[in-house]
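Chains as they are written, first to last, in the working numbering: chain A, 155 to 338; chain B, 155 to 338.
Cβ coordinates follow ideal geometry from the N, Cα and C atoms, glycine included.
There are 2 protein chains.
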Amino acid sequence: MEGHHHGKTEVAARSGSNNKSGLVLRVLALILTLAASIVVVTNKQTKVVPLKVFDSLPPVNLPVSAKWHYLSAVLYFLVTNATSCGYAAVSLLLTAANRDGKSKHLRILIFVLDALMVALLFSGIGAASAVGVLGYHGNSHVQWKKVCNVFGKFCHQMVASIGLSLLGSVAFLFLVMLPLISSA
Amino acid sequence: MEGHHHGKTEVAARSGSNNKSGLVLRVLALILTLAASIVVVTNKQTKVVPLKVFDSLPPVNLPVSAKWHYLSAVLYFLVTNATSCGYAAVSLLLTAANRDGKSKHLRILIFVLDALMVALLFSGIGAASAVGVLGYHGNSHVQWKKVCNVFGKFCHQMVASIGLSLLGSVAFLFLVMLPLISSA
Chain A
155 MEGHHHGKTE VAARSGSNNK SGLVLRVLAL ILTLAASIVV VTNKQTKVVP LKVFDSLPPV
215 NLPVSAKWHY LSAVLYFLVT NATSCGYAAV SLLLTAANRD GKSKHLRILI FVLDALMVAL
275 LFSGIGAASA VGVLGYHGNS HVQWKKVCNV FGKFCHQMVA SIGLSLLGSV AFLFLVMLPL
335 ISSA
Chain B
155 MEGHHHGKTE VAARSGSNNK SGLVLRVLAL ILTLAASIVV VTNKQTKVVP LKVFDSLPPV
215 NLPVSAKWHY LSAVLYFLVT NATSCGYAAV SLLLTAANRD GKSKHLRILI FVLDALMVAL
275 LFSGIGAASA VGVLGYHGNS HVQWKKVCNV FGKFCHQMVA SIGLSLLGSV AFLFLVMLPL
335 ISSA
């Protein structure tokens, strides 16, 4: 078990633990992006708000709804999470099938797609967060009023979803970092 | 030059070309994120706009400016680009100093930071794009009016900056993918 043999055993053991942590991270990424998607899709709040329909008449109390597909940034956020979730499921099956690491091409394809998911998820998180900040604080320079004082529950649920998505994207980030760190 | 020797030469040649494309990509990332930062910082537009100061009086023509630091998403976008640009410069020096690849720890540190830059840049691009879409189209559901019909030049310059930043982040993405692809 010295020298050459020792080296081989070590590499095999390390590759094994790499595979295991890779599977755990992939399952985590799948669950977190799925949860983020569900939290977005189920997000809806209806409130009765005084609205001016005609300028000459006093405001009328009307029920107004906040839905996830009203803002394109939230829609994009959902698409990134749903895509990552679907990819995590497919890649989980592929890595499980390629457990011995025989197909190098498949390993590289999964690595490249993992890296793309990091980019995709973080762009979605950035988009949803930017609109979230506007919703919470508004912006006086462009005269966009805050809306989270009215649709508080909707905004809170969006924050929760962004948090879940962030954890999921960190899982993908670790998946990308894993091969090189373990090969060192 | 057969067998063992041939293998070593091939690995060395491949590592050399890997280093070269790595350096080119890093210089590209540096230039592109620097350009994106400059385009944002120099972005300013002043227009005379009719504004209602008092509700009872007719609107007054006032000069109104659009500046990059008015929107937190654009500020964040600038921070991500400036950070990536500074990191690209430092990592360029470090990889040049570590050209023979002797220090594995340094190599891993740079790889991890490259991956973090991908996440950082894409979140900034997402944030700036989300606010850009609102600026171009507005959103009737939350009553945020479009502003790019007034500040057209400002918006176009932001789009150019987002494009440059996207190219820079793709350079970082390739930097992350390079080690694993070349090791296969």
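Return the bridge partner residues of residue i from the DSSP annotation.
{"i": "B/Val200", "result": "What sits at residue 200 of chain B in the sequence shown is Thr, not Val. According to DSSP, which records beta bridges pairwise, B/Thr200 is partnered with B/Ser219."}
{"i": "A/Asn293", "result": "A/Trp298"}
{"i": "B/Leu112", "result": "Within the shown structure, residues of chain B are numbered from 155 to 338, placing residue 112 of chain B beyond reach of any answer."}
Determine, using beta carbons only, whether residue i comes closer than 7 Å to chain A.
{"i": "B/Ile264", "result": "no"}
{"i": "B/Ile316", "result": "no"}
{"i": "B/Val304", "result": "no"}
{"i": "B/Ile335", "result": "yes"}
{"i": "B/Met312", "result": "no"}
{"i": "B/Val195", "result": "no"}
{"i": "B/Val301", "result": "yes"}
{"i": "B/Val330", "result": "yes"}
{"i": "B/Val233", "result": "no"}
{"i": "B/Val178", "result": "no"}
{"i": "B/Gly161", "result": "Residue confidence for B/Gly161 is low, a pLDDT of 48 falling below 50, so the modelled location carries little weight; the figure read from the coordinates is stated next. Chain A, which has no Cβ nearer than 7 Å to the Cβ of B/Gly161, makes this no."}
{"i": "B/Val287", "result": "yes"}
{"i": "B/His158", "result": "Low local confidence applies: a pLDDT of 48 at B/His158 is under 50, so the model's placement there is unreliable, with the coordinate-based value given in what follows. So, not an interface residue."}
Going by C-alpha to C-alpha distance, which of the options sits closest to residue i?
{"i": "A/Pro333", "options": "A/Gln297, A/Lys258 and A/Asn293", "result": "A/Lys258"}
{"i": "B/Ile185", "options": "B/Val324, B/Ser336 and B/Ile335", "result": "B/Val324"}
{"i": "A/His223", "options": "A/Ser191, A/Val202 and A/Tyr241", "result": "A/Ser191"}
{"i": "A/Val296", "options": "B/Ala243, B/Lys201, B/Arg180 and B/Ala220", "result": "B/Ala220"}
{"i": "A/Ala242", "options": "A/Val218, A/Val202 and A/Ile264", "result": "A/Ile264"}
{"i": "A/His291", "options": "A/Thr187, A/Phe276 and A/Asn303", "result": "A/Asn303"}
{"i": "B/Val181", "options": "B/Cys239, B/Pro204, B/Val287 and B/Pro217", "result": "B/Cys239"}
{"i": "A/Asn235", "options": "A/Ala281, A/Gly289 and A/Val266", "result": "A/Ala281"}
{"i": "B/Gly286", "options": "B/Leu275, B/Arg253 and B/Ala227", "result": "B/Ala227"}
{"i": "B/Met271", "options": "A/Ile262, A/Leu327 and A/Asp254", "result": "A/Leu327"}
{"i": "A/Val244", "options": "A/Leu320, A/Met331 and A/Leu177", "result": "A/Leu177"}
{"i": "B/Val233", "options": "B/Leu275, B/Asp254, B/Lys256 and B/Leu216", "result": "B/Leu275"}
{"i": "B/Lys307", "options": "B/Arg261, B/Lys201 and B/Met331", "result": "B/Lys201"}
{"i": "A/Ser319", "options": "A/Met331, A/Tyr230 and A/Lys299", "result": "A/Tyr230"}
{"i": "B/Val266", "options": "A/Val330, A/Asn173, A/Ala183 and A/Leu179", "result": "A/Val330"}
{"i": "A/Leu288", "options": "A/Ser277, A/Lys206 and A/Leu225", "result": "A/Leu225"}
{"i": "B/Gln311", "options": "B/Ser283, B/Ser277, B/Ser175 and B/Asp254", "result": "B/Ser283"}
{"i": "B/Leu188", "options": "B/Leu321, B/Ser294 and B/Arg261", "result": "B/Leu321"}
{"i": "A/Ile335", "options": "B/Ile335, B/Ile262 and B/Ser294", "result": "B/Ile262"}
{"i": "B/Ser277", "options": "B/Thr237, B/Val218 and B/Val203", "result": "B/Thr237"}
{"i": "A/Asn173", "options": "A/Lys206, A/Val218 and A/Lys256", "result": "A/Lys256"}
{"i": "A/Val109", "options": "A/Ala183, A/Val193 and A/Val203", "result": "Outside the modelled stretch of chain A, which goes from 155 to 338, sits residue 109 of chain A, for which no answer is possible."}
{"i": "A/Cys309", "options": "A/Ala183, A/Val193, A/Leu179 and A/Leu216", "result": "A/Val193"}
Say whether chain B places a C-beta atom closer than 7 Å to the C-beta of residue i.
{"i": "A/Trp298", "result": "yes"}
{"i": "A/Ala166", "result": "For A/Ala166, the pLDDT reaches just 46, beneath the cut-off of 50, and the residue's location in the model is therefore unreliable, although a value from the coordinates is still provided. For A/Ala166, the answer is no, since every Cβ of chain B falls outside 7 Å of its Cβ."}
{"i": "A/Val181", "result": "no"}
{"i": "A/Met155", "result": "Note that A/Met155 scores 40 on pLDDT, short of 50, meaning its location in the model is unreliable; the coordinates nonetheless yield the value given after this. Output row for A/Met155: interface = no."}
For residue i, verify whether its CB is less than 6 Å away from any heavy atom of the ligand ZN.
{"i": "A/Val330", "result": "The ligand ZN is not among the ligands present in this structure, which contains no ligands whatsoever."}
> When you check each C-beta in the stretch 268-283 of chain A against every C-beta of chain B, which residues fall closer than 7 Å?
Replying inline: Ala269, Val272, Ala273, Phe276, Ser277, Gly278, Ile279, Gly280, Ala281 and Ser283
>> Residues of the stretch 197-230 of chain B in Cβ contact with chain A at a cutoff of 7 Å, in chain order, please.
In response: Tyr224, Leu225, Ser226 and Ala227
> Is the stretch 195-215 of chain A close to the stretch 308-316 of chain A, with three or more CB pairs under 8 Å?
Replying inline: yes
> Can we say the stretch 242-255 of chain B touches the stretch 210-218 of chain B, given the rule of at least three CB pairs closer than 8 Å?
Replying inline: no
> For the stretch 247-261 of chain A, which residues have a CB atom closer than 9 Å to at least one CB atom of chain B, in sequence order?
Replying inline: Lys258, His259 and Arg261
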